[in-house]
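Just so we're aligned, residue 2 is where the sequence shown starts under my numbering, counting upward by one.
Each remark here refers to the structure printed beneath this line.
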Amino acid sequence: MKTTFYEILLVPPEADEQLLQHAYEHTLSTLSKRLRAARQRGLDTLGLEDERVALEEAWRVVSDPARRARYDRFLQLAGERPAQEADELWARVSPALLEPTAHATLELVRLLTHLPVGDVPQRAGTIPAPAPPPPATSQPVRVKPVVAPKPAPAPTAAAPQPTPRPAAAPAPSNGPVRIPISSTKPAAAPAAPKPAPSDDLPTMIFELGFSGALIRRMRERKGLSLDDVASSTRIARRYLEAIEADEFSRLPAATFVRGYLRSLARLLEVDPERLSSGYLARMGR
């Protein structure tokens, strides 16, 4: 079975907030000491970096009451017997789900506006029915009379033009007729210039989506190379190349990819949650 967030933090599932905070700080301190020692000895720190990403992901979930409640519910469902009917399955998972319509609407508002939109509220019941339309008033409707348009004036007859006389045909000659051939070719029409790619973030998201091409465009806009990003985020260059090329088979587990994406988002100065969620949805994980 996959390691749970509570096992990563070394706490029981019923731990309170104070115990979770203490366990996270203690585990993070121990992991940081191991990382410094490995770097001083010149050892490979990729495994320790993956552990730190998993630790941060576990802390983000269990420190948020709403996300922790949903996570506990899914852990509970994982240990129960499989549901036999669709109604039984829905009754189990519906308390932990979000309203899909509200979630899609808020994501659209985040993409198209700069309004400070919060998180989607937890599903509490069915969607309320829309309010009925107001009753029609009994006031009389005034109809504006239709005025017929004035007829257009009849066109005046144009003066007759004189018939042009045909030009005299040239006298036939006994020799062969030579037709001059121009050596110049007609100039080709100039090609329309391609529009320059937009540097506006909402426009880039609309055109490219949360893809590797979007991450590469944002990196190039800041003038950073792959080596610069790898040095700043401590992410292996092979993973950065796989992310920008959308080569999902070369990437590790989704938990680690989420940590990589959040580190990239902080470096590129974009919303870490939107970038990581959008890219993982594209991966289908």
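Where a beta carbon is used, it is the ideal one built from N, C-alpha and C, also for glycine.
| query | result |
| --- | --- |
| Classification of E221 by the beta-carbon crowding that lies within 10 angstroms, buried from 16 upward | exposed |
| Secondary structure, alpha helix (DSSP H): runs of 4+ residues fully inside the region 192-240 | 202-209, 213-222 and 227-234 |
| Under the three-state DSSP convention, the category P66 falls into | helix |
| Whether V63 touches L113 by CB criterion (8 angstroms) | no |
| Integer-rounded CB distance, given that S250 should sit under 8 angstroms from R263 | So it is not a contact: roughly 22 angstroms between Cβ atoms. |
| Between the CA atoms of R283 and D201 - distance to the nearest angstrom | 22 angstroms |
| Residue burial classification, G279 (beta-carbon count within 10 angstroms, cutoff 16) | buried |
| Selected residue, minimal CA-CA separation from L227, among T256, T4, E26 and L268 | L268 |
| Within 8 angstroms, strictly: CB atoms of R289 and E50 | Residue 289 lies beyond the range of the chain shown here (2 to 286); nothing can be said about it. |
| Alpha carbon of H27 to alpha carbon of W60, nearest angstrom | 12 angstroms |
| Beta-carbon contacts of R53 that lie in its chain and below 6 angstroms, excluding the five residues immediately before and after | L32 |
| Whether E58 touches R259 by CB criterion (8 angstroms) | yes |
| Limits of the alpha helix (DSSP H) - the one that S278 falls within | P273 to M284 |
| Neighbourhood of S233 by C-beta, 7 angstroms cutoff - its chain only, sequence neighbours within 5 removed | L268 |
| For E15 and D229, the rounded distance between their alpha carbons | 43 angstroms |
| Sequence-distant residues of its chain with Cβ nearer than 8 angstroms to I244 (five each side left out) | G213, I216, L252, V258, Y261, L262, L265 and Y280 |
| Spatially closest choice to A246 from V271, E270 and L209, by CA coordinates | L209 |
| C-beta contact flag for A55 and T256 at 8 angstroms | yes |
| Boundaries (first-last residue) of the alpha helix (DSSP H) holding T28 | E18 to Q41 |
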